[in-house]
Amino acid sequence: MNNDILSIYAHCGLRLSRLWIESARAVPLAGHVGFDSMPDQLVNKSVNHGFCFNILCVGETGLGKSTLMDTLFNTKFEGEPTQHNQPGVTLKSNTYELQESNVRLKLTVVNTVGFGDQINKEDSYKSIVEFIDAQFEAYLQEELKIKRTLHSYHDTRIHACLYFIAPTGHSLKSLDLVTMKKLDSKVNIIPIIAKSDAISKSELAKFKIKITSELVSNGVQIYQFPTDDESVAEINSTMNSHLPFAVVGSTEEVKIGNKMVKARQYPWGTVQVENENHCDFVKLREMLIRVNMEDLREQTHTRHYELYRRCKLEEMGFKDTDPDSKPFSLQETYEAKRNEFMGELQKKEEEMRQMFVQRVKEKEAELKEAEKELHEKFDRLKKLHQDEKKKLEEKKKSLDDELNMFKQKKTAAELLQNQAQQAGGSTTLKRDKERKK
Amino acid sequence: VSNSSSSTSHVDVFQYYTLPCISLLYKAGGPVVDFSYVGIDAILEQMRRKAMKQGFELNIMVVGQSGLGKSTLMNTLFKSKVSRKSVLATAQEKIPKTIEIKSISHDIEEKGVRMKLTVIDTPGFGDQINNENCWQPIMKFINDQYEAYLQEEININRKKRIPDSRVHCCIYFIPPTGHCLRPLDVEFMRRLSKVVNIVPVIAKADTLTLEERDFFKKKIREELRANGIDVYPQKEFDEDAEDRMINEKIREMIPFAVVGSDQEYQVNGRRLLGRKTKWGTIEVENIAHCEFAYLRDLLIRTHMQNIKDITSSIHYEMYRVRRLNENNTVVTHANGIPEHHLAAHEM
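Respectively, the protein sequence lines represent chains A and B.
Remember, my numbering sits 15 above the position in the first sequence when you count from 1.
At position 172 of the second sequence (counting the first as 1) the number is 163 in my numbering, and the numbers step up by one without a gap.
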């Protein structure tokens, strides 16, 4: 048996990795080796590196998103509350550095600004989906780079999406259903009922049941707290049944008994944020931060990001195997894509050249036409000119003729006059002759 | 955070998670409820849980001439029969005509921490008359592991956890000549220090006296420096001043002079791993006798994660950059048939 295993392994490194899993044998240790410190080494490395966690808060304006974040993380995060007159839904993200004992956390809180404020809310979900995709895209680009620095990359992918449901007490709004449906394959959704001090306990129970059944009947996949690890399976499965969490947020402190507690004070009583009989805030904090933060990050990376990556790469035309089921390398497919692209480019170039030639021809024809017209005009003018010249000459000629005739007449007349003077008596004859002329 | 009106089941859970922090909350005169505690540091516990569930992988390669005690040292390091020789039924093995790469995997567990250990043996290294290019099959093997990982990584449908077969650490056995490094040693370490973490050790160090050992070590360190060979822990990968301080101490001690043994003897009333000779018993884990304990601590107890990190974030990345930049890449299948050549490209 051993020889078989070894002969399989021998010489062939690549095949080695594929048979990796089937080959290991369990071996007992005769003493303390020391690799039980591995989890500590891993944790120390992560502590030195720092953690990052990104939360997206989706909900209508005025549902207390910023206040809840402040309450969850015990700090005052943001500036002023947003107005209700936004033209569209925009996402505002802020990054904070928090530290607790030796753990440094880079927390990014993304808020939807103007969600639910428009008259036509059909496209409200689009900017949210685009934002989430943009973070995936940025990570994918970094991963595909040749020279990459993944271990120092600031991960901006959204790890948890807190969806704030308005405390109507009846059911989910259609905007909520549509948005959650669009987001459930891209991000871990944790639905919460905001400002739940507006609902009474009995109404709350009915509200939760209605919400859960609506989510199920519409096929919305919300984040389930993991129950595969025995140490947290019990608490996680209990919490799963309490979803959606009904929360109240407050950063103001009120004195109850002899302690200062975070609460909201009304004339009829005080809602204590961290009192589990009053609201589920403690459950939310427990689940989101203290128990499942790492799982949220892992699900984002191994499920949502992988799905995005797969779709994106397939969209770009990459495949894992070609028709003969021989594995492609990414480079090969890229080369093929590049050739295709170059071909398209060339075709476009050809088209443009054709168009250019065509235009030139047309212009030339036009110019030729114009030239011809000009020539014709010139010829006409010339002819006109010549005609006129001829006429003029004829007229001149006739004028000259007349002048000559006149001169002749004049000379003849003068001659006659002289003859008449010479032969005095025959003037009457001449006059008669002249009269006859 | 304690709360008078909370139900009992939650008090239990709270105690589980807030236990590490209760020391912070106690001031003189009794418990003080600290409202500023959020619970971010609970992520450490979450990470630890995840790591315990997933288990760890470690791939060590041993390189050296036959007879230098490689198998014994592996067995001593992991206190069990992990080397290939122990698994093989045949007691006597012929020195192979060419270098072979053979490996064997084990699942070991200690205090709930599971590890998949793979020991990669290189019989035939340095044993031929003409040892030219004996590093080539080893380089090829290491690069093949990087290649396999890369192929998995660039798949569209990726596995949740890519099996890591990359060689994390290569222990190079230097024969205890006492003089200096041989040309073969220099050549091998020079080439391989660029692709893998090399940990050089002086094998069978019980043949050297302490002065000879110190002299030998000094000579070796000089030669490594003169040839520009960067062995683990590499100076350029020290992360901060604290790291550098720890690693400098280690760098002043390498190569470790080790003695391996998987047999226990009675010494001063205790059973210890050692080698029994007529003139005394060499205790393997006694730092006055040999430096095995330092090697074990470095490899396993303190720097294991760091070794894996350097392999994945530096050596593997360098391979990946080189591979993706290659002009005429020849893509080979598992059966070794090369596919058509590709033209130049960049991703």
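Note that the Cβ used here is the ideal one computed from N, Cα and C, for glycine as well.
Please read all numbers here as calculations on a predicted model, not as lab measurements.
Practice task
Pull up the distance between the alpha-carbon of G439/A and that of D416/A, whole angstroms please.
Solution key: When the Cα atoms are used, G439/A and D416/A turn out to be separated by approximately 34 Å.
Exercise for the section: Using 10 angstroms around the beta-carbon of S156/B, count the other beta-carbons present and answer buried if the total reaches 16, otherwise exposed. Expected result: Under this definition S156/B is a buried residue.
Problem - Cβ-based burial, M420/A [other Cβ within 10 Å; buried from 16] - result: If you draw a 10 Å sphere on the C-beta of M420/A, you find fewer than 16 other C-beta atoms in it, and that means exposed.
Practice task
Pick out whichever of K121/A, H166/A, F66/A and M275/A has its Cα sitting closest to the Cα of E309/A.
Solution key: Nearest C-alpha to E309/A: F66/A.
Handout entry: Members of the region 64 to 77 of chain B that neighbour chain A once the beta carbon cut-off is set at 8 Å
Key = Here the close residues are L68, F69, K70, S71, K72, V73 and R75.
Exercise for the section: Under 9 Å between beta-carbons, which chain A residues line up against G265/B? List them in chain order, please. Expected result: Under the 9 Å cutoff, chain A gives no residues; its nearest Cβ is about 13 Å from G265/B.
Exercise for the section: Could you tell me whether the region 262 to 279 of chain A touches the region 311 to 321 of chain A, using the rule of 3 or more Cβ pairs below 8 Å? Expected result: Counting Cβ pairs under 8 Å, fewer than three are found: no touch.
Exercise for the section: Please compile the residues from chain B whose C-beta is within a distance smaller than 7 Å of the C-beta of T317/A. Expected result: Chain-ordered, the chain B residues with CB closer than 7 Å to the CB of T317/A read K151.
Exercise for the section: For K267/B, collect the residues of the same chain with a Cβ closer than 7 Å to its Cβ; drop the 5 residues on either side in sequence, then sort them by chain order. Expected result: Result list for K267/B: Y256, in chain order.
Handout entry: Short CB-CB distance (under 8 Å) between Q56/A and chain B
Key = With respect to chain B, the C-beta atom of Q56/A has a partner C-beta closer than 8 Å.
Exercise for the section: Measure the alpha-carbon distance for Q434/A versus D394/A and round it to whole angstroms. Expected result: The alpha-carbon atoms of Q434/A and D394/A are separated by roughly 59 Å.
Problem - Inter-residue CB distance, I204/A and V125/A (contact presumed, cutoff 8 Å) - result: Between V125/A and I204/A the Cβ distance is about 14 Å, and since that is not below 8 Å, they are no contact.
Problem - Interface residues of chain B facing D244/A [CB-CB closer than 7 Å] - result: What D244/A touches in chain B: R40 and K44.
Practice task
Select from K107/B, F228/B, N277/B and I95/B the residue whose C-alpha is nearest the C-alpha of T302/B.
Solution key: Among K107/B, F228/B, N277/B and I95/B, the Cα nearest to that of T302/B belongs to F228/B.
Practice task
Quick one: list the residues of chain B neighbouring I304/A, beta-carbon separation under 9 Å, in chain order.
Solution key: Under the 9 Å cutoff, chain B gives V29, G30, I31, A33 and I34.
Handout entry: Distance, D221/B Cα to K185/B Cα
Key = Distance from the CA of K185/B to the CA of D221/B, rounded to the nearest whole angstrom, comes to 8 Å.
Problem - CA-to-CA distance, R261/B to R311/B, given in whole angstroms - result: Going by the C-alpha atoms only, they are around 51 Å apart.
Exercise for the section: Find out if the Cβ-Cβ distance for the pair L59/B, R287/B is shorter than 8 Å. Expected result: It is not a contact, given that the beta carbons lie outside the stated cut-off.
Practice task
My understanding is that D295/A touches Q236/A, with C-beta atoms under 8 Å, so please give their C-beta distance in whole angstroms.
Solution key: That pair is no contact at about 21 Å.
Handout entry: Residue(s) in a DSSP beta bridge with P206/A
Key = Answer is Y178/A, bridged to P206/A.
Problem - Cut-off 6 Å between Cβ atoms - residues of its own chain near I86/B, not counting five sequence neighbours on either side - result: Same-chain partners within the cutoff: S57 and D118.
Handout entry: DSSP three-state assignment for L258/A, whether helix, strand or coil
Key = The three-state secondary structure of L258/A, taken from DSSP, is coil.
Exercise for the section: Answer yes if the region 123 to 138 of chain B comes into contact with the region 169 to 183 of chain B, meaning at least three C-beta pairs across the two stretches below 8 Å, and no otherwise. Expected result: The region 169 to 183 of chain B vs the region 123 to 138 of chain B: in contact.
Handout entry: Span of the alpha helix (DSSP H) around F179/B
Key = Unbroken alpha helix (DSSP H) run through F179/B: P174 to L183.
Practice task
Please confirm if F88/A has its CB atom under 8 Å from at least one CB of chain B.
Solution key: With 8 Å as the cut-off, F88/A counts as an interface residue toward chain B.
Problem - Interface flag, F296/A vs chain B, CB-CB below 8 Å - result: Closer than 8 Å: no.
Problem - Span of the beta strand (DSSP E), counted from its first residue to its last, around E115/A - result: DSSP places E115/A inside the beta strand (DSSP E), whose first and last residues are T105 to E115.
Problem - Identity of the residue in N63/A, L155/A and L57/A nearest R40/B by Cα - result: Taking only the C-alpha atoms, the option nearest R40/B is L57/A.
Problem - Secondary structure, alpha helix (DSSP H): runs of 4+ residues fully inside the region 253 to 330 of chain A - result: Fully enclosed alpha helix (DSSP H) runs of 4 or longer: 296 to 300, 308 to 314 and 321 to 330.
Exercise for the section: Determine, using beta carbons only, whether A149/A comes closer than 8 Å to chain B. Expected result: A149/A does not count as touching chain B.
Exercise for the section: Using a Cβ-Cβ cut-off of less than 9 Å, give me the residues of the region 97 to 109 of chain B that come near chain A, in sequence order. Expected result: So the close ones are H97, D98, I99, E100, E101, K102, G103, V104, M106, K107, L108 and T109.
Practice task
Confirm, please, whether the CB-CB distance from K299/B to H97/B is below 8 Å.
Solution key: Result no, Cβ atoms of H97/B and K299/B do not sit closer than 8 Å.
Exercise for the section: Pull up the distance between the alpha-carbon of Q436/A and that of L430/A, whole angstroms please. Expected result: If you draw a straight line from the Cα of Q436/A to the Cα of L430/A, it comes to about 10 Å.
Problem - Secondary structure of G271/B, DSSP reduced to three states - result: DSSP places G271/B in strand when its eight states are reduced to three.
Practice task
Reducing DSSP to helix, strand and coil, say where K93/B ends up.
Solution key: If DSSP states are grouped into helix, strand and coil, K93/B belongs with the strands.
Problem - Through-space distance from Y320/A to C161/B, alpha-carbon basis - result: Rounded to the nearest whole angstrom, the C-alpha separation of C161/B and Y320/A is 34 Å.
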